[in-house]
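*Asks:* This note's numbering puts the sequence shown at residues -13 to 71.
Where is the CB? At the ideal position from N, CA and C, for every residue including glycine.
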Amino acid sequence: MASTTFSGPVTSKAGFVGTLTGNVTGSVTGSMLSAPIASASLPAATTALAGSIRIINNNGVSNNEYCLVICTGTAWVTATGQPLT
-13 MASTTFSGPV TSKAGFVGTL TGNVTGSVTG SMLSAPIASA SLPAATTALA GSIRIINNNG
47 VSNNEYCLVI CTGTAWVTAT GQPLT
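1) Return the bridge partner residues of A24 from the DSSP annotation.
2) DSSP on T33, reduced to helix/strand/coil?
3) In terms of residue numbering, what span does the beta strand (DSSP E) encompassing T64 cover?
4) Using the C-alpha atoms, what's the distance from G67 back to C72?
5) Give me the Cα-Cα distance between C57 and A26, rounded to the nearest whole angstrom.
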């Protein structure tokens, strides 16, 4: 696969494929998920999912609160770093 280095802004009309690394500036658009999911429906935390973000709407105890969770590679944690319970 080819590798290209740019010294200035890069524009794409059809998005990018693969992982974006480094500083990302400007408007970032697109979809994460079609809808928030229950915490019981989160995939297992794996190194392949490290850095993934999901929005949950049910923590399993009937508290239908929305929460942003992040995969550390070994667990899902809240956006403040607390374990997801």
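*Replies:* Reading it off the structure:
1) Walking along the sequence shown from the start, residue 24 turns up at place 38. Paired residue(s): N44.
2) Counting from 1 along the sequence shown, the entry for residue 33 is found at position 47. DSSP places T33 in helix when its eight states are reduced to three.
3) Locating residue 64 in the sequence shown gives position 78, where the first residue counts as 1. Taken as a continuous stretch (DSSP letters only), the beta strand (DSSP E) holding T64 covers 62 to 64.
4) Given that the chain is displayed from residue -13 to residue 71, the structure contains no residue 72 and the question cannot be resolved.
5) The residue you call residue 57 lines up with position 71 of the sequence shown. The residue you call residue 26 lines up with position 40 of the sequence shown. Whole-angstrom Cα-Cα distance: 14 Å.
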